[in-house]
Every structure is written in C-alpha cells, then in structure tokens.
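For reference, the structure is listed below as structure tokens.
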C-alpha cells in the first residue's frame with residue numbers, strides 16, 4: 005500500500021542521481037566499494053553535471069555542497085567550471101556513514117538552479133568501519149515486558165480471526181487469485197489486527213508458502229498492492245487495525261486521532277506516550293502484528309512450514325519484532341530500509357529519544373533472531389539511516405545479507421554477507 009497521509013519529512017529517498025528533465029548531477033565516491041573505508045580515512049566524492057538547463061543560460065554558476073551523517077557536518081561553495089567536476093573531500097571521524105550532496109546555484113544570488121521546477125542536484129554516500137557501530141542499550145526486563153505483551157495479544161480465549169470478502173473492485177483487480185480481508189480481535193475496546201489475504205485460485209490445500217508483509221509508515225485507503233507475492237499465501241498486515249473499503253474521510257480522521265500532539269503531526273511521536281513502554285503506540289502495533297501472524301498460520305493453503313516475514317521501513321521493524329517473539333520463528337526475513345534501529349544513536353527521522361523507546365528498538369529484537377535474512381539499505385536515506393540497517397545486520401543471527409544502494413531502486417553498490425551462529 006502506498007500511504008496517502010504521510011508527513012512530508014518522512015519521505016525517505018534522496019536520489020544518488022537526480023534526473024530533472026534536461027539537467028542532472030551525478031556523484032560518486034573514490035572507491036568502488038563505498039562502505040570499505042576505515043575511521044580516519046578520507047573520502048573524495050566527484051560530482052559532475054551532464055547538461056545545463058536552459059534557465060541557467062548566460063548566468064554565472066556555482067556549486068553548493070554539504071556533507072552530513074555520522075560525524076561533523078561540513079558545507080561549502082565552489083565555482084562552476086564547464087566540463088570540470090566538483091570534488092568534495094571529508095574524513096570519517098567515527099564508525100558510520102557520510103552523505104555528500106551538491107547542487108548548482110546562481111553565483112550571484114546563491115539561489116538554486118532548477119530544471120522543470122526541481123533543484124539540479126545529486127548525492128552520494130559512503131560508510132566506514134560499520135561492524136564497529138555501537139549497538140543500542142537494552143532494558144533489563146525486555147524479555148519479561150514482551151512476554152506479557154505477547155500473552156495479552158495472543159489470549160487463547162480470543163478467536164484467531166476470520167476472513168471476509170474483499171470489496172468487488174479490489175477482487176476484480178487480481179484475476180486468478182482469491183482475495184479476502186481478515187480481522188483478528190485483540191479484545192474489547194482495542195483496535196483489531198486487519199489486512200488482506202490472497203492466494204492463487206488453482207492452488208491446493210497445504211501447498212503454498214506463507215508470506216506475511218507488514219505495511220510501512222502512514223495511513224491510506226487500504227488498497228491491495230500490485231507487487232504482492234503471487235506464488236504464496238500472501239498476507240498484508242495493516243498496522244493500525246482499520247479495514248479496507250472505507251471512505252477517505254474515515255482514514256483522515258483516524259490518522260488525526262492517533263497522531264494529534266505528535267512532533268510534526270506524526271503517530272508514535274507523542275512524548276507523553278513514549279515516556280512509558282506500556283503506553284507507547286508501537287506496543288499495540290506489535291501486538292496486532294503478532295495476532296496477524298497467528299491468524300495467518302491457520303490459513304489452510306499454507307504448507308505448514310515455509311514462512312517469510314517482510315516489510316519496508318516500519319514494516320521491517322514489525323517483521324523483526326514478530327520474528328523475535330513468535331513461536332517457531334519464520335524461515336526467512338526480507339527487509340528493506342528498516343526503521344527504529346539504534347534509537348537515539350543517529351540523526352535519522354525517529355521519535356524524540358526516551359529510555360522507554362528501547363523496548364521498541366528493532367536492533368534489540370534482532371538479537372533474538374536466528375534465521376536467514378536479507379536487508380536492503382539506502383546510503384542516501386535520511387528517514388531510515390544506513391547506520392540503522394548496519395546495526396540491525398550486526399545484531400541478527402543466522403545467514404544474513406546486507407545490500408547497499410545509492411538511492412532506493414538503483415543498482416547495488418556493496419553487499420555484506422555473514423553467517424552468525426551465536
């Protein structure tokens with residue numbers, strides 16, 4: 005699902021190559037493997053522009069550049085010389101990641117040059133000594149807290165859940181598949197676990213793997229995604245407990261109800277809620293995720309063995325939490341730009357740090373996971389930092405793979421692999 009209600013600053017992608025109609029800027033570090041630097045190493049980024057937009061014709065141009073991330077930031081300007089690149093250098097003062105960006109500006113006014121309404125700019129990232137990134141602290145009663153929360157969510161006196169027909173328009177959009185919605189109660193007065201379920205109509209009972217995917221941050225009209233897993237029983241879990249098929253006003257009112265008072269109008273960002281783990285919004289979200297997995301395991305088309313938990317951003321947080329807490333564990337974790345990793349340890353977009361949030365740190369859940377996993381990370385992402393993805397990778401057990409990209413959707417630029425038995 006692509007959320008239609010999302011704070012502007014939660015947008016996660018700054019492109020490594022910003023293509024803007026007839027002008028663009030490319031940037032790259034001085035090593036083919038951009039995460040192979042050591043603390044103290046200097047990294048040099050080279051930025052080039054391939055075309056100058058017509059709006060800049062006849063004007064004196066310049067560069068404006070910045071370096072930010074895990075360490076001291078730097079900014080500067082430089083003259084633009086046609087045919088010559090801009091080189092930006094910076095050193096790694098500590099383990100972590102740096103992100104350099106450069107944009108074309110008017111040399112006199114300093115205003116950004118635009119092409120088709122967008123700034124002509126590019127960015128590139130690099131990392132150093134990422135195995136040495138410090139992990140987050142863990143509460144002493146982490147296991148006890150989640151044992152009680154899990155027991156509450158999976159109360160055996162509550163029904164596991166039920167299927168309901170999907171709206172006709174949604175069902176017609178995926179010919180060849182059975183499409184339904186589901187609801188699993190967490191008890192009176194609590195938002196239920198909800199979402200979508202699909203499987204191929206020709207599949208026989210007990211023949212398919214199970215893929216449970218958790219939705220990303222935001223709230224939208226609950227449309228069924230086009231990129232669902234087609235050779236599986238596919239379950240898409242909605243984090244807030246609302247059913248598809250409602251009018252847009254319903255979702256807007258619901259979003260406002262859970263986010264009012266949060267920093268920037270964001271749910272999960274209320275300081276008062278986050279002062280205690282029992283009142284944090286993410287507690288109920290994890291409980292709904294656990295109830296969804298319990299229900300998914302009752303679906304008759306599942307083969308009873310193969311389970312993949314998947315998610316992007318917030319969904320990756322929920323996938324790892326469920327992998328740590330569910331009985332039996334999944335067979336595989338498929339994660340993209342994970343969120344809430346290393347809370348309080350970097351500058352990515354996250355709630356204001358309070359000690360109670362450590363109960364919801366994705367890395368603390370990961371310490372309890374020992375299954376094969378793959379993580380996709382974006383060196384340019386300021387909402388889901390690559391440092392968080394690296395901390396998650398360091399904490400996970402079992403065979404694991406971490407793939408870095410210079411902008412989400414671009415080709416991989418580095419891959420780490422390991423098999424952590426302990």
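In this note's numbering, the protein residues as written are 5 to 426.
Ideal placement from N, C-alpha and C gives every residue a C-beta, glycine not left out.
Residue i - DSSP class collapsed to helix/strand/coil
i           : result
residue 317 : coil
residue 370 : helix
residue 56  : coil
residue 25  : Residue placement at residue 25 is poorly supported in this model, since its pLDDT is 46, which falls under 50; the coordinates are not used for a value here.
residue 61  : coil
residue 5   : Note that residue 5 scores a pLDDT of 35, beneath 50, so its modelled location is shaky; the value from the coordinates is reported in the next line. Note: residue 5 maps to coil in three-state DSSP.
residue 408 : strand
residue 403 : strand
residue 108 : strand
residue 349 : coil
residue 310 : strand
residue 359 : helix
residue 424 : strand
residue 416 : strand
residue 392 : helix
residue 20  : In this prediction, residue 20 scores a pLDDT of 29, lower than 50, which makes its location untrustworthy; the coordinate-derived value is nonetheless stated afterwards. Coil at residue 20, not helix or strand.
Spatially closest choice to residue i from the options, by CA coordinates
i           : options               : result
residue 293 : 241, 250 and 63       : 241
residue 74  : 99, 258, 172 and 382  : 99
residue 28  : 237, 92 and 120       : 120
residue 192 : 228, 157 and 406      : 157
residue 340 : 408, 123 and 305      : 408
residue 138 : 267, 350 and 333      : 350
residue 92  : 338, 398, 50 and 202  : 50
residue 332 : 45, 352 and 310       : 310
residue 308 : 404, 36, 214 and 125  : 214
residue 403 : 34, 376 and 41        : 376
residue 381 : 412, 372 and 373      : 412
residue 264 : 248, 393 and 285      : 285
residue 207 : 235, 189 and 197      : 235
residue 32  : 47, 315 and 41        : 47
residue 271 : 226, 313, 318 and 151 : 318
residue 195 : 262, 252 and 83       : 262
residue 373 : 233, 321, 198 and 62  : 321
residue 421 : 414, 401, 415 and 410 : 401
residue 82  : 76, 89, 66 and 94     : 66
8 Å contact criterion, which residue i and residue j should meet: CB distance rounded
i           : j           : result
residue 279 : residue 358 : 6 Å
residue 131 : residue 71  : Going by Cβ atoms, the distance from residue 131 to residue 71 rounds to 13 Å, so no, they are not a contact pair.
residue 228 : residue 183 : 6 Å
residue 216 : residue 300 : 5 Å
residue 34  : residue 96  : Contact flag wrong, Cβ pair sits at about 13 Å.
residue 106 : residue 384 : Rounded, the Cβ-Cβ distance is 13 Å, inconsistent with contact.
residue 406 : residue 387 : Residue 406 to residue 387, Cβ: 18 Å. No contact.
residue 370 : residue 329 : Contact doesn't hold; Cβ gap of about 12 Å is too wide.
residue 259 : residue 223 : 4 Å
For residue i: DSSP bridge partner residues
i           : result
residue 94  : 47
residue 340 : 316 and 380
residue 102 : 73 and 130
residue 113 : Looking at the DSSP assignment, residue 113 forms no beta bridge with any residue, so it has no partner.
residue 80  : 69
residue 123 : 118
residue 41  : 132
residue 87  : Per DSSP, none; premise fails for residue 87.
residue 330 : Note: residue 330 sits in no beta bridge, so no partner.
residue 31  : 51
Minimum Cβ-Cβ distance from residue i to chain B less than 8 Å
i           : result
residue 285 : Among the protein chains of the structure shown there is no chain B, as only one such chain exists.
Residue i Cβ short of 7 Å to the ligand GTP heavy atom set
i           : result
residue 194 : Summarising the ligand content, the structure contains no ligands, and the ligand GTP is consequently not present.
3-residue-minimum beta strand (DSSP E) runs that sit fully inside the region 137–217, ordered along the chain: You should have 166–169, 181–188 and 197–204.
Beta strand (DSSP E) runs wholly inside the region 235–304, at least 3 long, in chain order: Entirely contained in the region 235–304, the beta strand (DSSP E) runs reaching 3 residues are, in chain order, 237–242.
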